[in-house]
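Quick notes on the structure that follows.
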Amino acid sequence: MEETKGNRSNTVLLTVIGIATLLIAVVGATFAYFTAQLTGNEEFSTIEITAGTLGMTFAGGPSLAAENIYPRNQAWITKEFSIQADTDVNIQIPYTMALVVVNNTFSSGALTYNLTVNSDSDDNGQNLTGVTSTQVPINGVSMPLGTGHFQGPTTDTIVHRYTLRIFFPDTGVNQNEDQGKIFSAYISTAS
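Just remember that my numbering sits 3 ahead of the position in the sequence shown, which is counted from 1.
Okay, here's the thing in structure tokens:
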């Protein structure tokens, strides 16, 4: 019986040593594989990744809201905003803008908007094309306003400036069905 106990201890010890050796061999081979993949003739200084930045600024924040409005030819909401970019790389930095309607209880087609490029907007790249008198969508809709882009490299920050206006135009007919209605939205941008 003593001999059997000793054989078991030796068997367990040999099994543990075998598993440990196998693990060390696998870890060593994995390390050698990844080391081989990371070394080569490239010098660290010749591999460079650079990026540009894209930002958005709003006069008074990004939200648009109006309530208790009545039909008139002047805009109820006027929102000025700018998109700016800079990069050291010779690339285009594209952007897309959308009007995201959160709440619009007005009847379909009652509200319109226009988007214009401000005269002090930089001409680098491509500004959004101005949109005039388009209907504002109903609740929960994200409506594309267009796409633009900046062109690098730049020495200074490039700025595209816009004005968005929301109207409840007087149609000359009874518009009482839209009394007490609410509108809220925000401008979204992505690159």
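A virtual CB, placed ideally from N, CA and C, is assigned to each residue, including glycine. These figures come from a predicted structure and were not determined experimentally.
Two segments are said to touch when three or more pairs of C-beta atoms, one from each, lie closer than 8 Å; by this definition the stretch 173-183 does not touch the stretch 115-133. Note: Gly112 is not bridge-paired with any residue in the DSSP secondary-structure output. Put simply, the backbone Cα of Gly58 is about 17 Å away from that of Leu102. A straight line joining the alpha-carbon of Ser124 with that of Gly64 spans about 19 Å. Separation of the CB atoms of Phe171 and Ile96 is rounded to 36 Å, and the pair is thereby denied contact status at 8 Å. Burial check for Tyr116: the Cβ neighbour count within 10 Å reaches 16 or more, so the residue is buried. 9 Å or more divides the Cβ of Leu167 from the Cβ of Ile185. A residue is called buried once 16 or more other Cβ atoms fall within 10 Å of its Cβ, and Thr158, having fewer, is exposed.
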